[in-house]
Structures are given as C-alpha cells and as structure tokens.
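Here is the structure we will look at.
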Amino acid sequence: MSINKNQIKRLEILAPAGGMESIYPAVRAGADAVYLGASGFSARSSAHNFTDEQLREAVEYCHLNGTAVHLACNTLVHDDEIDSAMKLIEYACSIGIDALIMQDLGLIRLVRQACPDMPVHGSTQLSVHTPAGVEHLYRLGLTRAVLSRELSKKEIEEIAKDSPIELEVFVHGALCMCVSGQCYFSAMLGSRSGNRGSCAQPCRLPFSVRGGTGHDLSLKDLSIIEHLRELEEMGIASAKIEGRMKRPEYVAAAVAACRQGLDEGSVSPELAEKLSSVFSRSGFTDGYYEGKIGSSMFGIRSKENVAAADSKIFASIHELYKKERQHIPVDFCLTVKEGEKSILTAADDDGSSFVSEGMIPEKAISTALNRERCEKSISKTGGTPFWMRSLSCDIGEGLSMPASALNTMRTACLNGLAEQRRKIRPAAFSGYERAQTDTRRHIRPKNYRVRFADDDISDDFLDSELIYVPLLTDDRRLNNLLDRGFAVAVEIPRGMFGAEKKIYRDMKRVQALGINEVLANNVGAVEMAKSLDMDIHGGFGLNLTNTESLKWAEKQGIMDTEVSFELTLEQISKLGGIIPLGMISMGRLPLMLTRNCPVQNDGKGCQYCTYAHTIRDRKGIEFPMMCGMTGCTEILNSVPLILADRTEEIRGIDFEVFRFSVENSVEKGENLRLYRQHSTPKDGFTRGLYYRGVE
Ligand SMILES: [Zn+2]
C-alpha cells in the first residue's frame with residue numbers, strides 16, 4: 035500500500051514537565067505539546083506540580099510557541115474530593131488548557147457534562163490495550179486514548195487500523211513492571227497508591243525470583259525513538275515521553291532526540307549518548323515494541339548510570355535550550371513613503387497579525403534606504419520564537435531612516451504577535467450534577483461469590499450466589515460445573531494483549547453452552563461483553579472508587595460491580611448509586627499484573643512457570659505469582675486477606691467476593707469455614723486497605 039505523505043497527520047512530540055524549569059527545555063527543544071500536573075488536584079500537593087499561577091504562565095508561554103498543554107488529572111478520587119477536582123478542571127478551562135488526561139470514570143462523566151468542548155484523553159491508567167478499549171473511550175466522548183506501554187508494534191497497528199479516536203504511544207522513559215492502572219503494590223506495601231499519583235516505587239527495590247538478578251521487578255527504560263516515523267505512518271497522533279519527575283536536562287535531551295528522530299529519520303550518536311547519560315537504567319529497551327519479552331528487558335540504575343549524569347553532560351545539554359527556538363514563521367510587509375508614517379505589518383500562520391507605525395522618513399543625504407538594509411533589521415528576531423519568512427517592501431526613492439527606527443517597528447510587531455498568541459482562549463464550563471452519596475438501600479441480604487482460578491471447586495461452595503471461573507476453562511469442565519448446579523460466570527482476562535479476537539471466540543463459545551455472564555475488569559472487556567449482549571459483572575480492575583464512577587457502571591448496564599479494594603470500609607459504606615456492590619473480602623489480593631513475568635529474568639524464560647513460583651523481598655517475604663493467563667502474570671500478596679470476623683463492619687455491600695488464586699482445595703475449604711464461623715486464623719493474614727486506606 036502506498037501512503038500519500040500529505041495525508042499523514044504529523045506525529046506530535048509530547049513532553050513531560052514537572053515544573054516551569056522543564057517547560058522551557060521542552061518547548062525550546064521542539065515539543066509540540068507538554069503535559070503537566072496541578073497541585074490543586076484532589077487536594078494533594080507534590081513538588082512536581084504547578085500552582086494555579088504557574089499553570090497560567092505555562093499555558094501562555096506554550097501557546098506563544100504554538101505548543102499545546104495537556105493537564106494530567108489522571109488519578110482516582112473519592113467522593114469527598116470530587117468538587118475540588120472539578121474546581122481545578124474549571125480553572126483549566128478558564129486558562130485555555132488544550133486537553134485533560136483522565137483516569138477516573140466518574141470524573142470523566144462529570145467533565146463531559148460540564149465542559150463538553152474540552153478534549154479529554156483517556157490516561158494509560160485506564161489500562162486500555164485493545165481495539166474494544168479504545169472504542170469504549172470513544173463512546174464516552176474521549177478524543178484520545180493513551181495506550182498501555184506493553185503493546186507490540188503489531189498490536190499497536192491493529193488498534194490504530196480502525197481507531198475512531200487519536201492514539202498516544204509512550205516512546206521514551208520508565209517502564210513500570212505492572213500494567214498501569216492495575217498496580218496495587220505500593221498501596222498495599224505502604225498505603226501510597228499508584229492510582230492516586232502517590233506510587234513509592236517499591237518495585238525498584240530488591241525483589242528476587244530463583245535464578246534472577248535480585249532486581250526482578252525492575253525494567254529498563256523504554257526507548258523507541260528510532261521508530262517515530264513508523265508510528266506516524268500507522269496514524270498514531272502523539273509520541274509521549276515519560277518523566278514528570280525527571281530533571282529539565284532529561285526533558286531537553288529526550289525531546290531533542292524525538293525531534294531529530296522524527297524530522298531526520300534517526301538520532302545522531304552524539305545526541306543518543308547525551309540522552310542515555312542523562313538518565314538510563316542499564317541502557318534502554320524496545321522489548322515490548324519488538325515483541326521480544328525476556329531477561330534483556332530487566333535493568334536497574336547502576337552506579338555507572340548515575341555517574342554518567344555529570345555536570346559536563348548537563349552543561350552540554352543546556353546548549354540545547356539556552357535560546358528560544360525560532361520556529362514560528364512570520365511574513366512582514368514594509369511601507370516607507372515620503373511624507374507618511376512608515377508602516378510594518380507582521381502575520382503568522384495562525385491568524386495573528388500586527389501593524390506597527392514608525393517615523394516619517396527623511397530625505398537621504400548619502401545612501402538611501404533599500405530592501406537589503408530593511409531586511410537586515412527586520413530579520414533580527416533573536417530572543418523570540420519568530421523568524422522572518424518573507425518581507426515585501428514598498429520603499430520610496432531617496433528616503434532614509436535609521437536602523438533603530440526599523441528595529442523599533444520590528445520589536446513592536448513581534449511583541450504584538452506574541453501578545454495575541456499568548457491570549458487566553460477559555461473553554462466553556464457550565465454546572466454539573468452530582469449523584470447523591472450515602473443513600474444506598476439494600477435490596478437483598480448479603481451473599482457471597484467466589485472467584486476461582488481453576489476448576490478445583492468443591493460442592494461446599496454451592497450456596498454461593500455466583501462463581502467466576504476463567505474464560506479459558508474448557509467446555510467439559512464448564513458443563514460439569516453447570517450440571518452440579520453452580521451459577522457460573524466467566525472471567526475475561528485482565529490482560530488481553532493481542533488476544534482480543536481469541537477472547538471474542540471464547541466468549542461466544544461459552545455463550546453457546548448457556549453461560550451469558552462475565553466478570554469484566556477492563557473497559558475493553560465491558561465493551562466486548564456489551565457487543566455480545568452478555569450480562570456484565572464489574573471487577574476491582576475497573577478501579578471504581580466513587581459514586582460517580584458507579585453511575586458510569588449503571589449507565590453501561592453493568593449488573594453489579596466490585597468496588598476498588600483501595601477504599602476503606604468507611605468510604606465504601608458512604609457510596610451512593612443503585613447498582614449492587616461487591617467487595618473482595620477473602621483471598622490474596624492481586625498486587626501487579628505484568629506482561630513480563632519476573633521469572634523471565636533468570637535468563638531461561640518462564641515456559642515452565644508453575645503455581646509454585648514466588649518472588650521474595652529483602653526480608654525473605656514471599657509473594658506468589660500466577661503466570662500464563664493470556665501472556666500475563668499476576669503477583670499476589672504475601673498473606674491472604676481475611677475479614678470473616680468483621681462482617682458486621684462491612685456496610686453498603688451486597689455481596690462479598692472470595693478471590694482465590696494460588697489456594698489449594700484445603701485452603702479454599704478452610705477459608706469458607708472461617709467465613710461461616712466469623713473467625714480468623716491466629717496470624718498470617720491481612721485486613722488489606724479496608725481500615726488504613728491509601729494516600
Ligand atoms: Zn512466568
């Protein structure tokens with residue numbers, strides 16, 4: 035297929051900015067857009083966020099340069115934080131932010147009500163990694179999906195082929211071990227939730243599998259800058275650089291490398307060297323993009339890596355952004371007539387123009403004013419983002435004017451243009467209507483459900499209201515469960531990388547057996563189930579943490595849903611809405627979902643991964659892993675969650691879910707006994723986050 039170059043939309047280079055000190059390097063090195071965070075969001079502050087004033091300043095400077103500004107509002111909020119989040123969004127509208135990056139399905143609903151014209155991008159925190167996931171964001175009124183970082187080139191191509199909205203792909207920066215939006219590791223270990231922008235990055239600490247390097251949860255940073263033209267040809271809208279926490283020199287080097295990679299087709303060895311010196315973790319990887327997952331993707335920040343980032347490197351990178359980038363073409367027109375005030379007009383391509391009046395020219399005594407002398411003065415645009423593309427002159431004979439007079443007119447014109455470009459263009463923000471909280475009515479007595487990871491299911495569980503079994507369970511086993519009298523729903527895998535077509539086939543297969551209920555942990559899975567007219571039960575992976583997000587679930591026709599296990603019992607009890615709610619109350623909580631099994635880091639790969647695998651922390655605490663579900667591995671908590679003695683304190687919930695993973699049949703039976711007797715073992719269990727909550 036031949037592609038007409040003119041039809042391809044330019045790939046945007048999107049840079050991170052943790053503060054004003056990173057805005058200048060990003061813009062001057064050639065970013066088309068920047069993304070940043072605001073300290074007002076959900077009342078939490080961080081050193082790497084902008085105050086309201088700085089936000090406005092950033093927008094003005096970026097817009098002067100033709101650079102778009104995306105505001106990251108991509109954390110989950112609680113009911114009592116929604117109004118302050120919406121206040122920030124109202125402010126963002128008032129200062130002409132170009133797009134919002136969002137994760138919270140509840141907030142997205144309100145934003146679509148309050149400011150329908152404001153473009154909203156679905157954050158990578160929404161774990162969208164399939165065509166159906168993108169389709170869902172489109173139906174929610176989002177204009178762009180930021181795809182999961184784990185996708186291969188082939189999978190990205192597949193998604194891009196028919197995408198109804200823009201796509202954004204990470205091209206450089208840190209790789210998390212866990213699929214974004216599915217990580218509860220930091221929350222469980224220290225109450226700092228990655229879903230709320232507070233990740234403490236415990237995965238960079240030593241964790242080891244047998245035969246590994248001892249840093250088996252730490253991946254190298256990704257870099258696919260050499261493939262930018264390829265992404266552009268696929269129709270990807272934006273190339274995202276990770277790193278809002280990183281220093282300005284990193285931002286400059288990464289943007290400059292992207293600019294060069296895209297404009298010139300490759301990055302010079304010199305610039306590539308600067309980029310890896312300023313920050314790397316044992317070099318870079320393109321493993322996910324190339325579909326080559328394995329031990330070569332793992333890496334840590336070594337002493338050599340740290341030493342490489344010395345003052346000499348920083349100084350050489352400063353050169354990249356010392357000066358304004360003169361990249362905005364301006365067409366000038368100069369008229370100098372005898373007896374009239376001279377006039378200089380300037381116009382850019384974005385519709386801004388300015389007319390400056392100067393002095394009445396004098397009679398020339400020696401050399402008369404000519405085009406060459408005028409051009410010399412007017413083309414001096416240093417210190418501004420402008421450059422003179424053309425100058426048309428209408429100069430009378432035998433006239434003279436000092437260079438300073440021409441300079442004054444030029445300066446006035448450029449200032450005038452700059453002022454127009456900086457001018458704030460607010461987006462409309464009207465009211466929004468919040469759903470009532472704290473009003474739940476219970477339609478039925480609380481029951482329990484069980485999620486099984488295999489078909490080792492005892493008849494003791496026959497009094498559960500529903501069981502979830504893997505979608506991939508074969509027909510014979512599913513029929514057996516149905517024959518024994520279980521109410522059966524199938525669980526759509528949380529990670530569906532490149533497997534959507536196969537998953538569709540399996541969904542139709544179980545439908546043919548008479549099973550029409552699914553457990554969906556991803557917006558893509560919700561979309562798939564809807565298209566097959568299946569009954570949907572929402573899972574914890576949807577990260578529903580507030581009443582507005584429950585409204586989203588109601589709107590989708592989801593029958594009932596688990597809430598996020600990052601909520602406290604207190605917060606759960608105050609949720610509103612009418613959709614029946616469930617919570618995980620038993621089992622090992624899933625801490626990570628990763629496409630790169632930690633066992634891969636033993637160098638031999640994980641084709642023999644079994645249930646017996648664990649990963650240990652420095653103190654020898656073991657976290658079990660389940661590998662192999664459609665190419666993803668789940669890392670589970672070291673101890674099981676048990677709330678059986680606290681049922682009285684669980685309020686606002688319609689059903690409890692026992693989430694079994696690595697438990698054997700004895701352990702499953704023991705858990706059921708504890709539930710029935712409202713008791714706990716002496717030790718070796720956790721209450722999860724239901725009492726301590728998250729930051
Ligand atoms: Zn494995």
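As numbered in this note's numbering, residues 35 to 729 make up the sequence shown, in order.
Beta carbons are placed, not taken as given, at the ideal position from N, Cα and C, and that holds for glycine.
Let me check you understand the geometry: is the CB of residue i closer than 8 Å to at least one non-hydrogen atom of ligand 1?
i	result
Cys631	yes
Gly321	no
Met659	yes
Thr667	yes
Gln454	no
Cys149	no
Gly662	yes
Glu127	It is Cys, not Glu, that sits at residue 127 in the sequence shown. No; taking the cut-off as 8 Å, the Cβ of Cys127 has no heavy atom of ligand 1 nearer than that.
Cys212	no
His647	yes
Cys643	yes
Cys233	no
Cys640	yes
Gln137	no
Gln634	yes
What is the DSSP secondary structure of residue i, counted as helix, strand or coil?
i	result
Pro504	strand
Cys631	coil
Gly71	strand
Glu656	strand
Val433	With the sequence shown as reference, residue 433 is identified as Leu, and Val is not the correct amino acid for it. In the structure shown, Leu433 sits in a strand (DSSP, three-state: E or B).
Ala461	coil
Gly450	helix
Tyr709	helix
Gly64	coil
Gly718	coil
Thr319	strand
Pro50	strand
Arg726	coil
Glu324	helix
Cys643	coil
Thr595	strand
Leu141	helix
Cys427	strand
Gly703	helix
Arg44	coil
Val696	coil
Asp255	strand
Phe420	strand
Leu677	coil
Val23	What is shown of the chain runs 35 to 729, which leaves residue 23 out entirely.
Val312	helix
Mark residue i as exposed unless 16 or more other C-beta atoms lie within 10 angstroms of its C-beta, in which case mark it buried.
i	result
Ser400	exposed
Tyr466	buried
Ala678	buried
Lys280	buried
Glu283	buried
Val340	exposed
Lys716	exposed
Ser713	exposed
Asp113	buried
Ser76	Only weak support exists for where Ser76 lies, its pLDDT of 47 falling under 50; the value from the coordinates is given anyway. Ser76 comes out buried.
Phe473	Here residue 473 is Thr; the residue named in the question, Phe, does not match the sequence. Exposed, since its Cβ has fewer than 16 Cβ neighbours within 10 Å.
Pull the bridge partners of residue i from the DSSP assignment, please.
i	result
Ser214	Note: Ser214 sits in no beta bridge, so no partner.
Ile135	Ala106, His155
Val691	Arg483, Ile618
Ala381	Asp365, Ser387
Asp668	Note that residue 668 corresponds to Glu in the displayed sequence, not to Asp. According to DSSP, which records beta bridges pairwise, Glu668 is partnered with Leu627, Met660.
Lys397	Leu433
Thr648	Pro658
Gly573	Paired residue(s): none; Gly573 is not in a bridge.
Phe348	Answer is none; Phe348 lacks a bridge partner.
Val93	In the DSSP output, where bridge partners are listed per residue, Val93 has none listed.
Output yes if chain B places a C-beta closer than 9 Å to the C-beta of residue i; else output no.
i	result
Asn550	No chain B appears in the structure shown, which is made up of a single protein chain.
Give the list of continuous beta strand (DSSP E) stretches no shorter than 3 residues that lie fully inside the stretch 490-569. 500-504, 522-525, 551-554
Enumerate, from N- to C-terminal direction, the unbroken alpha helix (DSSP H) stretches of 4 or more residues contained entirely within the stretch 260-303. 262-268, 282-298
Write down every uninterrupted run of the beta strand (DSSP E) in the stretch 167-253 whose length is 3 residues or greater and which is fully enclosed by it, in chain order. 178-180, 200-207
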